[in-house]
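Residue numbers (the numbering used here): 4 to 100.
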């Protein structure tokens, strides 16, 4: 018999160290949001958690993209490290870039 938990064995054997101990399952239909230990999570729990992660990932990408655009606009106007980015980006906007 194995002396380590199934989760530990999966983490070691398949490089799944990032697997969390608990996943957050969002509210779906009439079910309330809940946290579920990964070792008790059903496939539906995992899939619903992935849907929520996908939404978070998309939102983070949008923020990252917006910050990159702001930085590019400010740099085009010669802004440096301590300059206020929004002010320089507005100059870029007004310059018609």
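Where a beta carbon is used, it is the ideal one built from N, C-alpha and C, also for glycine.
Helix, strand or coil at residue 27 according to DSSP, with G and I counted as helix: Translated into the one-based positions of the chain shown, residue 27 becomes position 24. Strand, per DSSP.
Nearest-angstrom Cβ-Cβ length linking residue 28 and residue 36, presumed shorter than 8 Å: Translated into the one-based positions of the chain shown, residue 28 becomes position 25. Translated into the one-based positions of the chain shown, residue 36 becomes position 33. So it is a contact: roughly 7 Å between Cβ atoms.
Residue 88 versus residue 77: straight-line alpha-carbon distance, rounded: Here the question's residue 88 lines up with position 85 in the chain shown. Here the question's residue 77 lines up with position 74 in the chain shown. Computed Cα separation, rounded: 6 Å.
Assumed close pair residue 95, residue 79 - CB separation to whole angstroms, cut-off 8 Å: Position 92 of the chain shown, counted from the start, is the residue given in the question as residue 95. Position 76 of the chain shown, counted from the start, is the residue given in the question as residue 79. Yes, they are in contact, since the Cβ atoms of residue 95 and residue 79 sit about 5 Å apart, within 8 Å.
Three-way DSSP call (helix, strand, coil) for residue 7 in this model: Position 4 of the chain shown, counted from the start, is the residue given in the question as residue 7. Three-state result, residue 7: coil.
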